[in-house]
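This report refers to the structure that appears directly beneath it.
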Amino acid sequence: MDVGPPELVAGAILVSLTAYVLLGGADFGGGVWDLLASGPRKARQRALIAEAIGPIWEANHVWLIIVVVLLFTCFPSVFARLAIMLHIPLSLMLIGIVLRGSAFSFRSHYGPGHGEEAGSADRASAHWGRVFASASVITPLLLGICVGAIAAGTLRPPGASGFRDFVATFVAPWLTPFGLSVGVLTLVLFAFLAAVYLTLEARDPALREDFRRRALITAGLAFVAAFGALGLALAGVPRMARALTGGPRALALHAATGAAALTAIAALWWRRFRLARLAAAAQVALILWGWALAQYPYLVPPDLTIRGAAAPRITLVLVLWALVAGGLVLFPSLVYLLRVFKREHAGR
Amino acid sequence: MSDLIAARSQMAMSLGFHIIFAVVGIGMPLLMVLAERRWQRTGDRIYLELAHRWAKGTAILFAVGAVSGTVLSFELGLLWPTFMEHAGPMIGLPFSLEGFAFFTEAIFLGLYLYAWERISPRAHLAAGWAVAVSGMLSALFVVIANAWMNAPVGFRWVDGRGVDIDPIAAVMTPAAPIQVIHMILTAYAATGLVVAGIHAAGLLRQPRNAFHRRALAVALLVGAPAAVLQPIVGDQAARFVARSQPVKLAALEAHFETQRGAPLHIGGWPDEAAGQTRWALRIPYGLSLLAFKDPHAEVKGLLDFPRADWPPVAVVHVAFQVMVALGSFMALVSAVALWLTWRRRDLTRHRWLLRALVLAAPMGFICTEAGWVVTEVGRQPWIIQGVMRTAEAVTPMPGLIVPFLVFTALYIGLGLVVAWLLHREIVRSPQAAEEDAA
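If you read the sequences in order, they're chains R and W.
Per my numbering, the very first residue in the first sequence carries number 1281; after that it's consecutive.
Per my numbering, the very first residue in the second sequence carries number 1331; after that it's consecutive.
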C-alpha cells in the first residue's frame, strides 16, 4: 500500500466515519430504544436515553460534517458523484437528521413537570419524543442504503443516454435488495451499540438488565442481518462477493469481526459490561473497515479511486495540517466532555 | 418552475432559514456568558436566572442551527455538484476549519447546558466563552468561503477547470475582511437588539421589573455598539463592491446609465425593460460620493454591461434599501441608548426609547435576510463571480421542485415550533422581581 497525502486524507475520512458510527450511531440507536421502550420501566428507559445523549449528541453529529467537508475538499469528484446519484436517499436522510435533532431538543425543552401546564407539556413532550424516535429509525436505514449503493459499485457515471432515464440513474442504483440489507444492518448495529452503552449508563440494576436483554437480542439480530447482507452480496453483487471472500487480509478481518462479536455476546452474558462495550465498538468498527478494505483503492467503485479522485496535492497537505491543528483543540475537548458526563456512574 | 429556479429557491430558503439560527448562535452565547459573569461578580441571582433562560433558548436555537447547517453542507453538492467539484479544492480549507470550530462549539455548549452542577463555576464560565468564541470563528470561516465566491482568487481558470490552485491565496480573498466583520457585527446587533426589544416591551408594562432591567442592560451591551458601528462597516463593504463587482453595485443602487457625478437613489422602482429607475428620491452626486469619495467620479451603470450579466435588479435594489433603512434606524436608536447610558440616565424613564427599541427588535433579522439577498442575488447570474454561472453548476437531477417544496414545508413547521417555544419562555418572565430606580 503506497501511502501519500491522498491515502492519509482517505484514512482521516474513515476515522471520522468510524467515530460518527460509534458515537453518533449510538445516539440514533438510543432513539430506536426510545421508540421500542416497553415494560414496567418504560418511562425510566426513555429518561435514561435522554440523559445519556443530551449533552453529547451535537458533538457526535459533527463527525458527519467533517466527513462531508473532507470529501468535498479533497475528493471533490466523489462528493459530486454521490450528491448527484444519491440525491433522493441523501435528501431523505437529511430530513431524518433535521427531525431527529430538532425534535430531541424540543422534547428536552419541555422537560419533566411544568406546574399547572404539566398535562399539556407532557403531551407535547410525548409528541416530540415520537418524532425523535421515528427519525432515529429512518436516518440510519438511509445512511446504510447509501453505503450499500457505494459498496455495490452501482453509482457509475451515466452512459451515452446521460441523465435522462430518471429511474435508471436516480433510483435503481440505490434501491436494491443489497442496499436495503445494508440499511437494516446499520440500524441493527446502531441499536446494538446503544443498548450496550446504556448498560453502563444505568445505575439501577433492573434498568441495566432491560438494556442487557436488548443488547443480547440485537447482537443476535446483527448476525442475521450481517449474513443476510453477505448472502445478497454473494448472490447479486459480484464485485463485493469477490472482495469479501478473496485474500487472506479479508478473511483475517472477518475472523477478527467474528471474534469481537462473540466476545461482546459472552461479556454481556456474564455481565462484564465494560468489556462488552469495548468488544461491541470493535465489532462495528471492524465491519466498517471490512467494507473500506473490500473496496480499496476505490472510493466509489467502479471508477473513482483514492488517487484518481484526489484534489491537488497542496490542498491535501493543507487540509492534513488543518486536521492536525484542529485535532489538537478537538481531542482534549472531547475527552473533557466525555469525562464530565460519562465518568461517575459507569458500572463494572 | 425550472429546475434551476427550484434549486436556487431551495438554496435561498435553506440559507435564509439557517442564517437566523447562525446569527443567534453567535450572539446568544455572548449574552449568556456576560450574564453569568455578572452573577459570579455580583452574586445577584437575577443574572443567574438570565443566564439559565438564555442558555435554554440557545439550546433549541443551536440544535436547529446545527441540523439546518448540516442540510446546507449537503445541499452544496445536492444542488450545485459542479460548483463543489471545482470549488472544493480551492475553498474547502476554511470549511474544514469551520468544521472544527463547530465541533468546539457543540462540545462546550453541551458542557455549558448540562454541567452547571458538575464542573467549577470558573470552568463553566470558560465553557461559555469557548462557545461564544467558536461561534464567532464559525462565522469567520464560512463567510470567508462566501467572500471568495464574490472575489475568487487563488487559481487560474483554463478550459473550464481550475489550475495552479493555491488555497492560501483563496482564503486571503480581498472581499473577506470587510464581509466577515459586517457579518459578525450583524450577529451581535441583531441578537442584542431583539433581546433588548423583548425586555423593553416588558419594561413598558412593568417599569420597575428588575429582571427586565438587567436583561435590557446586558442585551444593549452586546447589540448597541455593534449596531452603531455597522453603518460605517457597511459603507466600506459597499465601496469594496463598487470596485470589485460594479454590476452588483449598479443593481443595488438601481443605477442604469454610466455617468460622472451619479445621484444616489433612495427608494424607487427599477424598470429593467426601460432601463431607468422611477419614483426615486435623487440625491445629486450622492452615489459618486459614497462609492468613490469623489462627487465627480464615474459610476458604471447597468446598461454598460451585457444583459446576461445582470442580477435581478429590482430584488437587489429593494433588499439593499430595506437593509440600509432599517440598519440606520437600529444605529440611531442604539446611539441614543448608549449616549443616555453614558450620561447615567435611567433608560426606563424614556418610554419613547423603549418603544423605539421594541420597534427595532425584529429589524436586525430583516436586515440579515436583506443583506444576504444583496450579496447572493446580487452576485447572480454567477455562482463564482466571473468564472462559473449558476446555471452551469446545477445538478442534472430533474424534478427539483419536489425537494424545494418538501424542505420549505419542513422549515416552516420547524420555524413555527421554535417561535412558539420561545414565545412560551418570554411570556413566563418573572413578575415578582421589583426594585426602586437607582
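Yeah, the Cβ is synthetic: ideal placement off N, Cα and C, and Gly gets one too.
This one's a predicted model, so the numbers in the text were calculated from it and none came from an experiment.
Original post:
chain R beta carbons: is any one of them nearer than 8 Å to that of A1499 of chain W?
Top reply: For A1499 of chain W, the closest Cβ of chain R is not nearer than 8 Å.
Subject >> At least three beta-carbon pairs within less than 8 Å, the region 1599-1614 of chain R to the region 1425-1443 of chain W >> reply: Yes, they touch.
Original post:
By Cβ distance below 6 Å, which residues in the same chain neighbour F1443 of chain R in space, the five residues on each side in sequence not counted?
Top reply: Same-chain partners within the cutoff: T1449.
Original post:
If you drop the 5 nearest sequence neighbours on each side, which residues of the same chain put their C-beta closer than 6 Å to that of L1422 of chain R?
Top reply: Excluding sequence neighbours, L1422 of chain R sits near P1369, L1372 and M1373.
**OP:** Output, in sequence order along the chain, the residues in the region 1363-1383 of chain R whose CB is closer than 7 Å to any CB in chain W.
**Re:** Those would be A1363, I1364, H1367, L1370, S1371, L1374, I1375, I1377, V1378, G1381 and S1382, in chain order.
**OP:** Enumerate in chain order the residues of its own chain whose CB-to-CB distance from G1355 of chain W is below 7 Å, with the five nearest sequence positions on each side excluded.
**Re:** Counting only Cβ-Cβ distances below 7 Å, and skipping sequence neighbours, we find L1391, F1392, G1395 and G1465.
**OP:** Look up W1712 of chain W in the DSSP assignment and give the residues it is bridged to.
**Re:** In DSSP, W1712 of chain W forms a bridge with W:R1719.
Subject >> Continuous alpha helix (DSSP H) stretch holding T1466 of chain R: start and end >> reply: In the DSSP assignment, T1466 of chain R falls within the alpha helix (DSSP H) that extends over P1457 to E1481.
Original post:
Does the beta carbon of G1393 of chain R sit closer than 8 Å to a beta carbon anywhere in chain W?
Top reply: For G1393 of chain R, the predicted model reports a pLDDT of 42, less than 50, meaning its position is unreliable; a value from the coordinates is still stated below. It does not; no Cβ of chain W falls within 8 Å.
**OP:** Give me the Cβ distance between L1677 of chain W and L1467 of chain W, rounded to the nearest whole Å; I'm assuming they're in contact under 8 Å.
**Re:** Contact doesn't hold; Cβ gap of about 33 Å is too wide.
**OP:** On the DSSP bridge assignment, give the partners of T1607 of chain W in chain order.
**Re:** Beta-bridge partners of T1607 of chain W (DSSP): W:P1600.
**OP:** With DSSP as the reference, label Y1741 of chain W as helix, strand or coil.
**Re:** In the displayed model, Y1741 of chain W falls within a helix according to three-state DSSP.
**OP:** Round the Cβ separation of I1511 of chain W and A1475 of chain W to the nearest angstrom and send it over; I've been treating them as touching at under 8 Å.
**Re:** Actually they are not in contact, since the Cβ atoms of I1511 of chain W and A1475 of chain W sit about 16 Å apart, beyond 8 Å.
Original post:
Within this structure, are the beta carbons of A1572 of chain W and F1650 of chain W separated by less than 8 Å?
Top reply: Taking 8 Å as the Cβ cut-off, A1572 of chain W and F1650 of chain W do not qualify as a contacting pair.
Original post:
Within 10 angstroms of its Cβ, does E1447 of chain W collect 16 or more other Cβ (buried), or is it exposed?
Top reply: Exposed: under 16 other Cβ atoms inside 10 Å.
Original post:
Are the region 1448-1455 of chain W and the region 1358-1373 of chain W in contact at 8 Å, needing three or more beta carbon pairs?
Top reply: Enough Cβ pairs lie closer than 8 Å, so yes.
**OP:** Kindly say whether I1379 of chain W, judged by its beta-carbon, lies nearer than 8 Å to any beta-carbon of chain R.
**Re:** For clarity, residue 1379 of chain W is Glu in the given sequence; the question names Ile instead. At a cut-off of 8 Å between beta carbons, E1379 of chain W makes no contact with chain R.
Original post:
In whole angstroms, what separates the C-alpha of I1769 of chain W from that of G1701 of chain W?
Top reply: The structure shown does not extend to residue 1769 of chain W, since chain W is modelled only from 1331 to 1768, so the question has no answer here.
Original post:
Listed in chain order, which residues of the region 1587-1618 of chain R have Cβ atoms closer than 7 Å to some Cβ of chain W?
Top reply: Cβ contacts with chain W come from A1591, P1592, I1594, T1595, L1598, V1599, A1602, G1606, V1609, L1610, S1613, L1614 and L1617.
**OP:** Using a Cβ-Cβ cut-off of 8 Å, state whether A1415 of chain R counts as contacting chain W.
**Re:** False, the Cβ-Cβ gap to chain W never drops below 8 Å.
Subject >> Bridge partners - R1486 of chain W, DSSP secondary structure assignment >> reply: BP columns for R1486 of chain W point to W:V1493.
Original post:
Beta-carbon of F1446 of chain R versus every beta-carbon of chain W: anything under 8 Å?
Top reply: So yes, F1446 of chain R belongs to the interface.
Original post:
Just how far apart, CA to CA, sit T1588 of chain W and E1602 of chain W?
Top reply: Those two C-alpha atoms are separated by around 15 Å.
Original post:
Quick one: what does DSSP say H1680 of chain W is sitting in, helix, strand or coil?
Top reply: Judged by DSSP in its simplified three-state form, H1680 of chain W adopts coil rather than helix or strand.
Original post:
Where does the unbroken alpha helix (DSSP H) through L1366 of chain R begin, and where does it stop?
Top reply: Going by DSSP, L1366 of chain R is part of no alpha helix (DSSP H) at all; its letter is neither H nor E.
Original post:
How would you list, in chain order, the residues of chain R whose beta-carbon sits under 8 Å from the beta-carbon of A1445 of chain W?
Top reply: What A1445 of chain W touches in chain R, judged by beta-carbon distance under 8 Å, is P1335, V1620 and F1621, going in chain order.
Original post:
Does any CB atom of chain R fall closer than 8 Å to the CB of F1347 of chain W?
Top reply: Chain R contact via Cβ: absent.
Original post:
How is V1615 of chain R classed by DSSP in three states: helix, strand or coil?
Top reply: Looking at V1615 of chain R - three-state DSSP - the assignment turns out to be helix.
Original post:
Based on Cα-Cα distance, which residue from R:V1342, R:R1529 and R:V1468 lies nearest to I1418 of chain R?
Top reply: The residue with the shortest Cα to Cα distance from I1418 of chain R is R:V1468.
Subject >> Per-residue contacts from I1274 of chain W into chain R (C-beta, under 7 Å) >> reply: Residue coverage of chain W in this structure runs from 1331 to 1768, which leaves residue 1274 of chain W outside it and unanswerable.
Original post:
Does the beta carbon of S1400 of chain R sit closer than 8 Å to a beta carbon anywhere in chain W?
Top reply: The C-beta of S1400 of chain R comes no closer than 8 Å to any C-beta of chain W.
**OP:** Classify Y1578 of chain R as helix, strand or coil using the three-state DSSP reduction.
**Re:** Correct three-state label for Y1578 of chain R: strand.
Subject >> Rounded separation between L1668 of chain W and P1555 of chain W - CA only >> reply: Going from the Cα of L1668 of chain W to the Cα of P1555 of chain W covers about 8 Å.
Subject >> Nearest neighbour of L1435 of chain R, chosen from R:A1415, R:G1459 and R:L1501 [CA to CA] >> reply: Of the candidates R:A1415, R:G1459 and R:L1501, R:G1459 places its Cα closest to the Cα of L1435 of chain R.
Subject >> Nearest-angstrom Cβ-Cβ length linking L1366 of chain R and S1296 of chain R, presumed shorter than 8 Å >> reply: Going by Cβ atoms, the distance from L1366 of chain R to S1296 of chain R rounds to 18 Å, so no, they are not a contact pair.
Original post:
Any chance the region 1737-1750 of chain W sits against the region 1653-1666 of chain W, with 3 or more Cβ pairs inside 8 Å?
Top reply: Touching, no.
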